[in-house]
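Mapping to numbering that gives the first Met the number 0: the sequence shown position 22 is 21, numbers consecutive. Don't be surprised by glycine CBs; every beta carbon is placed ideally from N, CA and C. Only a predicted model underlies this, so the values are computations on that prediction, with no experimental measurement involved. Please read the structure below before turning to the comments.
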Amino acid sequence: MKSGPVRMADADFAADRRQNDMAGALRDYWAQVRSGDLGAIPAILGIVALVALFTALRPETFLTDRNIANLFTQALPVTILAMGLVFVLLLGEIDLSAGVTSGVCAAVMAKLIVDSGQPWYVAVLGAVVTGIVIGTAIGWLVAVIRIPSFVVTLALFLGLQGITLRLVGEGGTVPVRDDVIVALANKNMPVALGWALAAACAAGYAAVQLWRWRQQHSRGLSVKPLQMVVARVAVVAAALLGGTLLLSQDRAPSPLITLAGIPWGVLLVGVLLIACTFVLGRTPYGRHVYAVGGNAEAARRAGVNVTRIRISVFMIASTLAAIAGIVAASRLNSVTPSSGAGNDLLYAVGAAVIGGTSLFGGRGKARDAVLGGLVIAIIDNGLGLLGTKAYLNFLITGSVLLLAASIDALARRRRSSAGR
């Protein structure tokens, strides 16, 4: 039986462990980075480097409020598509049909509006249901029939293009003129509403982080220093409020009109990001996804329904692909036979990997899609401002993706050697 002084020493030691100072927390973080746990660091450094590069090359156009708004709008479809692919990649799987799935769903929406005269919400529901059906079929073939996801989704990549062609017609175009759908990627929310939402998100994030720190601290769990939590909250709040300030400026080319406010599509991405982050980080389902991605057999022996998890991630990916297709149709005001069949998938996979999601499964977050989507959009936007030829755009984007995949592979080897 321990004596009183020993118990007091143990308690003091535990208190010291719980209340690590900032220097100790930074040392621990640096040790994680050195062991290969890079997280979003490469994507953030890439964004900073690209912004600095294109600002230096095009100082008069790149950082203007109008171009920043255009950049965010350009990133919308790829970011939403990448967010769905994060779920699939977390299991070490791949969905090569996500891009054309978005095209099929957009075609279904457009045909329901134009040919059947359905209201926008019915058409959107039809597109989302189409995505769910496609994702369920893919998941069933992969999880139950045990066909490799590469083969299944490659077959659907080819087959779904035929469905889009049948719906739209060879050489045809289905216009999208519904005001609500068009506003999604082409209109902005009122400035006052944008500020209210930004302030609410900043306050909500601060409340959640501080409440979580207090709960962990009161239970005697190991916690990060309060200063680090406050610094993280400050950075997120500064990004939200700074972005709102920038997008709230009048960016109309003529003084006769007013063009200000956050695009509605950015709000949609924010809602999806919060929802996906909550699902992956705060629910048993999210923990099961990470468990299956880390070691499917161990997860099965622990009682996780691996088959159901595999089917569900493809359903989520195709559902978000449907939403991406709707946003893309909104941005272009039309649906064509080639919708979603171009480089959308490659950019989306690149965005997820560049953002920090591992191709080997088990590591990644919803935020990776947003960070990687910004990297892809900055490259595309900046090269467009420079007037770079199309072939250089492909070469540069492919090189960035290859670099991100190489960093992922090297980090994985580093984690394995460090026993993580």
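Per-residue burial, residue i [other beta carbons within 10 Å of its own, 16 or more giving buried]
i: E169; result: exposed
i: S337; result: exposed
i: K364; result: buried
i: G134; result: buried
i: F156; result: buried
i: Q433; result: With the chain covering only 0 through 419, there is no way to say anything about residue 433.
i: Q226; result: exposed
i: P174; result: exposed
i: G280; result: exposed
i: T72; result: buried
i: S247; result: buried
i: G193; result: buried
i: S405; result: exposed
i: I310; result: buried
i: R412; result: exposed
i: W210; result: exposed
i: F86; result: buried
i: L394; result: exposed
i: N294; result: exposed
i: L183; result: buried
Residue i versus residue j: straight-line alpha-carbon distance, rounded
i: G292; j: L89; result: 5 Å
i: L345; j: G372; result: 12 Å
i: I308; j: Y204; result: 29 Å
i: T335; j: I112; result: 15 Å
i: L272; j: M82; result: 8 Å
i: S329; j: A105; result: 9 Å
i: A30; j: A410; result: 13 Å
i: V181; j: N332; result: 6 Å
i: G219; j: L62; result: 47 Å
i: M314; j: G138; result: 7 Å
i: T60; j: R366; result: 27 Å
i: V234; j: I40; result: 15 Å
i: V278; j: Y289; result: 11 Å
i: T387; j: L84; result: 29 Å
i: A376; j: R300; result: 42 Å
i: V423; j: A347; result: Residue 423 falls outside the range modelled here, since the chain spans only 0 to 419, and no answer is possible.
i: A206; j: L164; result: 49 Å
i: A74; j: A51; result: 19 Å
i: T172; j: N380; result: 26 Å
Nearest neighbour of residue i, chosen from the options [CA to CA]
i: A251; options: D64, A136, L56; result: D64
i: V128; options: A347, D407, I322; result: I322
i: G158; options: S96, A184, A30; result: S96
i: G242; options: P283, Q226, C200; result: C200
i: N187; options: L267, V87, A30; result: L267
i: V228; options: Q208, S247, R218; result: Q208
i: V107; options: V278, S253, I162, P76; result: I162
i: V326; options: P118, A126, G361; result: A126
i: D343; options: G98, V369, A301, A109; result: G98
i: I79; options: D178, A368, W119; result: A368
i: L245; options: I67, T54, L52; result: I67
i: T306; options: R286, A195, I144; result: I144
i: P189; options: A206, G171, R211, P262; result: P262
i: F53; options: T387, L382, V85; result: L382
i: A191; options: Y120, G260, V348; result: G260
i: G116; options: A297, R176, L391; result: R176
i: N304; options: H287, V312, N294, A154; result: H287
i: G102; options: L319, G360, A389, G361; result: L319
i: A122; options: T276, V312, L401, G324; result: G324
i: G269; options: G285, N69, L370; result: L370
Residues near residue i by beta carbon distance below 6 Å, same chain, minus five either side
i: G38; result: G355
i: L258; result: R250, A251
i: A403; result: V352, I353
i: T396; result: I378
i: S317; result: T100, G130, I133, G134
i: H216; result: V222
i: S148; result: E92, I93, V141
i: Q160; result: V99, A340
i: L391; result: none
Beta-bridge partners of residue i, as assigned by DSSP
i: N392; result: Partner(s): none; N392 has no beta bridge.
i: S357; result: None, per the DSSP bridge assignment.
i: V113; result: In the DSSP output, where bridge partners are listed per residue, V113 has none listed.
i: S333; result: P174
i: P262; result: N187
Same chain only: Cβ atoms within 7 Å of residue i, ignoring 5 sequence neighbours per side
i: D407; result: V352, S357, L358
i: A197; result: L239, L240, T243
i: R6; result: Since pLDDT at R6 reaches only 47, below the 50 mark, its modelled position is unreliable, and no value is offered.
i: T152; result: I93, D94, L95, S96, I137
i: L385; result: L56, R57
i: L401; result: none
Beta-carbon contacts of residue i that lie in its chain and below 8 Å, excluding the five residues immediately before and after
i: V374; result: A42, G45, I46, L49, A350, I353, G354, V399
i: S253; result: none
Minimum Cβ-Cβ distance from residue i to chain B less than 8 Å
i: G260; result: The displayed structure is made up of one protein chain only, and chain B is not part of it.
Any non-hydrogen atom of the ligand ZN within 7 Å of residue i CB
i: A126; result: The ligand ZN is not among the ligands present in this structure, which contains no ligands whatsoever.
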